[in-house]
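J.: Below: one structure in structure tokens.
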Amino acid sequence: MSFRLFVLFCGIIGIYLLLFSLHKSNRVPVFFTLVLLVSFTLWYTLPILLSNCDYWYFFESMVGIEIEEYNLFAIGEVYFYLLILLLFRFSLKWKLKSILTFEEASNVKVQENILIIYSLSLFLYNLFFRSNYLENNDIDTVENGVFFLLSFFSTYISSYFYVNIFCGSHNKKNSFFLFFIILSALYSSFIGGARIYLVIFIWLYIIKKWHYIQRGRYLSFFSPLIILLLCASLLLPFLSAKRSDSQLDSSDMKSIAELTLYHLNLKLNSIAYSTTLITRDGEGFAGYEPYVGSLFKYMPRAIWNAKPTPTSYNGTVAGTPSRRIPELLNLGNSEYANVGTSAFLVSLWQGWMFVIISIVINFLYLRIILIFLVHPSYWLKAIGFNLLFFPQLILTPSFGDNLIQKMLEILILLIFLYLFKIICIKINTNENCNFSRRIR
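Residue 208 in the working numbering sits at position 207 of the sequence shown, and the numbers go up by one each step.
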């Protein structure tokens with residue numbers, strides 16, 4: 002084992018120990034720790050292990066670096082996250098009291114109607130606007146501010162649904178919502194977008210069967226989960242072949258197993274893709290421009306038509322990290338192609354000063370999530386879910402300018418919720434007045 006690999010695995014073990022200590026803390030919800038654990042395993046541990054187990058050959062020819070150089074970049078990513086978690090862990094000694102006072106709206110019909118409207122909208126959106134994989138990544142769609150807002154409120158309402166399910170609230174309306182989720186999943190399976198819905202069901206299983214772990218019934222908990230994940234993973238080569246119109250011999254199980262691991266590394270290894278920003282563009286290439294775009298993300302173009310695109314170094318969508326990398330690697334037109342990005346390397350692409358800023362923002366971001374997750378109101382708990390980018394878990398940790406956008410969303414959500422609260426109070430007041438008149 003090389004020295005770099007030893008340092009890398011020490012950092013990974015250190016993060017798992019920190020997450021275990023968070024699990025033992027009575028100030029952090031089990032769900033929060035579980036999300037961080039799954040997220041770290043998916044986006045860090047698994048691709049690092051696969052890359053060091055002879056599955057680096059594809060990236061070596063694509064990004065042009067050897068495995069030892071990749072491990073050096075991975076060390077930066079792991080210890081970047083380790084420092085964030087250390088700050089978060091030690092900050093738990095000082096309990097922060099939430100100043101938010103938001104009671105649940107007593108008019109249940111209003112809440113249920115919102116869920117019905119959302120579920121119908123979700124299905125229709127998938128049916129009419131997500132019919133083509135490439136069109137989903139079109140720049141015109143990404144740059145349209147209306148779609149920003151639609152996506153923003155859509156993810157929040159879905160987060161409210163998850164809170165209701167995971168916290169034990171069950172009714173017919175939730176079943177109705179789940180029915181449309183299933184329909185959307187069936188439809189999305191034909192266009193390559195069903196994996197998000199699969200993740201939802203996996204999370205639902207984990208939360209509802211977590212009592213098996215608490216009772217020591219590990220086999221009962223892990224067996225169905227492993228079978229499901231194994232079957233889903235084996236489908237990766239076939240889905241990839243379907244997209245590229247190539248043929249795959251299903252009789253060769255050995256090649257399918259090899260291809261499964263290959264595609265897992267290909268989809269999860271955001272660190273490998275992000276190395277391109279440093280090796281091709283260099284440290285400090287992007288500068289402060291990505292932060293300008295993120296700070297003004299929700300400003301209407303009617304006020305500033307030429308406002309820069311969030312996270313972009315040149316003000317356009319093609320200048321965002323996820324689009325810049327495919328352009329540098331000649332993976333396709335930057336109007337369509339995009340790849341995963343990693344927190345430390347994107348921050349380093351902006352400059353060392355922004356690495357420090359990103360560490361501070363990520364730490365504050367985790368504290369804010371915790372404040373919302375422990376709040377008794379389901380509506381505010383849903384903000385915590387939304388900030389975790391649940392269920393995809395692609396946002397923790399992230400580069401600082403990306404998290405600034407989410408913090409701006411918090412302000413918009415809180416304004417919306419308090420307006421919604423006023424409307425509910427008004428409706429309840431009118432209903433009580435009508436009821437009193439009927440009694441008279």
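Glycine included, every Cβ here is placed at the ideal spot set by N, Cα and C.
Whole angstroms are fine: how far does the CA of L296 sit from the CA of W305?
T.: For this step, residue 305 is matched to residue 304 along the sequence shown. For this step, residue 296 is matched to residue 295 along the sequence shown. Going by the C-alpha atoms only, they are around 13 Å apart.
J.: Tell me whether F21 is buried or exposed, calling it buried when 16 or more other Cβ atoms sit within 10 Å of its Cβ.
T.: Stepping through the sequence shown from its first residue, residue 21 is reached at position 20. Classification for F21: exposed.
J.: Could you tell me the distance, in whole angstroms, from the CA atom of Y58 to the CA atom of A303?
T.: Locating residue 58 in the sequence shown gives position 57, where the first residue counts as 1. Locating residue 303 in the sequence shown gives position 302, where the first residue counts as 1. Between Y58 and A303, the C-alpha separation is close to 49 Å.
J.: At a cut of 8 Å, does the stretch 10-26 reach the stretch 68-83 through at least three beta carbon pairs?
T.: Yes, they touch.
J.: When you compare each of T317, Y314, T156 and S62 to L414 by their alpha carbons, which one comes out closest?
T.: Here the question's residue 414 lines up with position 413 in the sequence shown. The shortest C-alpha separation from L414 is found at T156.
J.: From T142 to F222, what does the alpha carbon distance come to, in whole angstroms?
T.: For the purposes of this step, residue 142 is taken as residue 141 along the sequence shown, with counting starting at 1. For the purposes of this step, residue 222 is taken as residue 221 along the sequence shown, with counting starting at 1. Because T142 sits at a pLDDT of 43, beneath the cut-off of 50, its placement in the model cannot be relied upon, and the following sentence gives the value as read from the coordinates. In a straight line, the C-alpha of T142 is about 41 Å away from that of F222.
J.: Quick one: Cα of V293 to Cα of L420, how far?
T.: Locating residue 293 in the sequence shown gives position 292, counting from the first residue. Locating residue 420 in the sequence shown gives position 419, counting from the first residue. Distance between the alpha carbons of V293 and L420: 29 Å.
J.: Along the chain, where does the alpha helix (DSSP H) that runs through I358 open and close?
T.: Within the sequence shown, numbered from 1, the residue matching residue 358 stands at position 357. Run containing I358: W353 to L374, per the alpha helix (DSSP H) assignment.
J.: Which of helix, strand or coil does DSSP assign to I16?
T.: Here residue 16 corresponds to residue number 15 of the sequence shown, with the count starting at 1. Helix, per DSSP.
J.: What's the C-alpha gap between R5 and L88?
T.: The residue labelled residue 5 in the question sits at position 4 within the sequence shown. The residue labelled residue 88 in the question sits at position 87 within the sequence shown. Computed Cα separation, rounded: 24 Å.
J.: Smallest Cα separation from Y366: which of W380, S343, F400 and H24?
T.: If you number the sequence shown from 1, residue 366 lands on position 365. Ranking the options by Cα distance to Y366, first place goes to F400.
J.: Straight-line CA distance for F373 to E61?
T.: Mapped onto the sequence shown, residue 373 falls at position 372. Mapped onto the sequence shown, residue 61 falls at position 60. Rounded to whole angstroms, F373 to E61 spans 42 Å at the Cα level.
J.: Assuming P48 and L269 are in contact, meaning their beta carbons sit under 8 Å apart, how far apart are those beta carbons, in whole angstroms?
T.: What you label residue 48 is simply residue 47 of the sequence shown in a count that begins at 1. What you label residue 269 is simply residue 268 of the sequence shown in a count that begins at 1. Confirmed, Cβ separation roughly 5 Å.
J.: Hey, how far is the Cα of P225 from the Cα of T34?
T.: Start at 1 with the first residue of the sequence shown, and residue 225 comes out as number 224. Start at 1 with the first residue of the sequence shown, and residue 34 comes out as number 33. Their backbone Cα atoms lie some 22 Å apart in a straight line.
J.: Starting from V36, follow the alpha helix (DSSP H) in both directions and report where the run begins and ends.
T.: Here residue 36 is taken as the residue at index 35 of the sequence shown, counted from 1. Start and end: V31 to F41.
J.: Can you give me the start and stop residues for the alpha helix (DSSP H) that G283 sits inside?
T.: In the sequence shown, the residue the question calls residue 283 occupies position 282. Neither: G283 is in no alpha helix (DSSP H) and is coded neither H nor E.
J.: Taking only three categories from DSSP, how would you classify C54?
T.: Your numbering for residue 54 matches position 53 in the sequence shown. DSSP places C54 in coil when its eight states are reduced to three.
J.: Helix, strand or coil: how does DSSP classify N387 here?
T.: The sequence position of residue 387 within the sequence shown is 386, counting from 1. The answer is helix: DSSP assigns N387 an H, G or I state.
J.: Decide if I410 is buried, meaning its Cβ has at least 16 other Cβ atoms within 10 Å, or exposed.
T.: The residue you call residue 410 lines up with position 409 of the sequence shown. First, the amino acid is wrong: residue 410 is Glu here, not Ile. So E410 counts as buried.
J.: Excluding sequence positions up to five away, which residues of its chain have a Cβ less than 7 Å from the Cβ of L38?
T.: Here residue 38 is taken as the residue at index 37 of the sequence shown, counted from 1. If we look at L38 and ignore the five residues flanking it on each side, its Cβ neighbours are L20.
J.: Suppose the cutoff is 7 Å on Cβ atoms and the five residues either side in sequence are ignored; what does the same chain contact list for S26 look like?
T.: Position 25 of the sequence shown, counted from the first residue, corresponds to residue 26. So the list reads L93, once near-sequence residues are dropped.
J.: Cutting at 7 Å between CB atoms, please list the residues of its own chain near T276, excluding the five before and the five after it.
T.: Walking along the sequence shown from the start, residue 276 turns up at place 275. These residues qualify, in order along the chain: V64, I66, Y71, F74 and L346.
J.: Given N53, which residues of its chain have a CB within under 8 Å of its CB, disregarding the five upstream and five downstream residues?
T.: Counted from its first residue, the sequence shown places residue 53 at position 52. L6, I68 and N72, listed in sequence order.
J.: From V36, I16, P291 and L51, pick the residue whose C-alpha is nearest to that of A273; which is it?
T.: As a working note, residue 273 is residue 272 in the sequence shown. For the residues V36, I16, P291 and L51, the minimum Cα distance to A273 belongs to L51.
J.: Can you give me the C-alpha to C-alpha distance between N387 and I158, rounded to a whole angstrom?
T.: Sequence index remark: in the sequence shown, residue 387 carries index 386 (1-based). Sequence index remark: in the sequence shown, residue 158 carries index 157 (1-based). N387 and I158: Cα-Cα distance of roughly 9 Å.
J.: Thinking E290 and S313 are a contact (beta carbons under 8 Å), I'd like their distance in whole angstroms, please.
T.: Walking along the sequence shown from the start, residue 290 turns up at place 289. Walking along the sequence shown from the start, residue 313 turns up at place 312. Indeed, because the Cβ distance is near 7 Å, the residues count as touching under 8 Å.
J.: So the alpha helix (DSSP H) F81 belongs to, where does it begin and stop?
T.: Counted from its first residue, the sequence shown places residue 81 at position 80. Looking at the DSSP string, the run of the alpha helix (DSSP H) that includes F81 is I68 to S92.
J.: Take the Cβ of W353 as the centre, count every other Cβ of all protein chains shown within 10 Å, and call the residue buried at 16 or more, exposed below.
T.: As a first step, residue 353 must be located in the sequence shown, where it is residue number 352. Exposed is the call here.
J.: Whole angstroms is fine: what's the gap from I416's alpha carbon to Y213's?
T.: Position 415 of the sequence shown, counted from the start, is the residue given in the question as residue 416. Position 212 of the sequence shown, counted from the start, is the residue given in the question as residue 213. Answer to the nearest angstrom: the Cα atoms are 40 Å apart.
J.: Where does L409 sit, in a helix, a strand or coil, going by DSSP?
T.: Locating residue 409 in the sequence shown gives position 408, where the first residue counts as 1. The answer is helix: DSSP assigns L409 an H, G or I state.
J.: Assuming W380 and L418 make a contact with CB atoms under 8 Å, what is their CB distance in whole Å?
T.: Within the sequence shown, numbered from 1, the residue matching residue 380 stands at position 379. Within the sequence shown, numbered from 1, the residue matching residue 418 stands at position 417. That pair is a contact at about 6 Å.
J.: Determine the DSSP secondary structure at G401, reduced to helix, strand or coil.
T.: Position 400 of the sequence shown, counted from the first residue, corresponds to residue 401. Three-state DSSP puts G401 in a helix.
J.: Is the beta carbon of G288 less than 8 Å from the beta carbon of Q351?
T.: Numbered from its first residue, the sequence shown carries residue 288 at position 287. Numbered from its first residue, the sequence shown carries residue 351 at position 350. Cβ distance < 8 Å, so G288 and Q351 count as in contact.
J.: Which residue marks the beginning of the alpha helix (DSSP H) containing T277, and which one marks its end?
T.: Translated into the one-based positions of the sequence shown, residue 277 becomes position 276. First-last of the alpha helix (DSSP H) with T277: S271 to T277.
J.: Tell me, to the nearest whole angstrom, how far the beta carbon of I85 is from that of P398; I am working on the premise that it is less than 8 Å.
T.: Taking the sequence shown and counting its residues from 1, the one referred to as residue 85 is at position 84. Taking the sequence shown and counting its residues from 1, the one referred to as residue 398 is at position 397. Right, their Cβ atoms sit about 6 Å apart.
J.: What number of angstroms, rounded off, separates the C-alpha of N108 from the C-alpha of M408?
T.: The sequence position of residue 108 within the sequence shown is 107, counting from 1. The sequence position of residue 408 within the sequence shown is 407, counting from 1. Any reading at N108 must be qualified, since the residue scores a pLDDT of 45, below 50, and its modelled position is unreliable; no value is offered.
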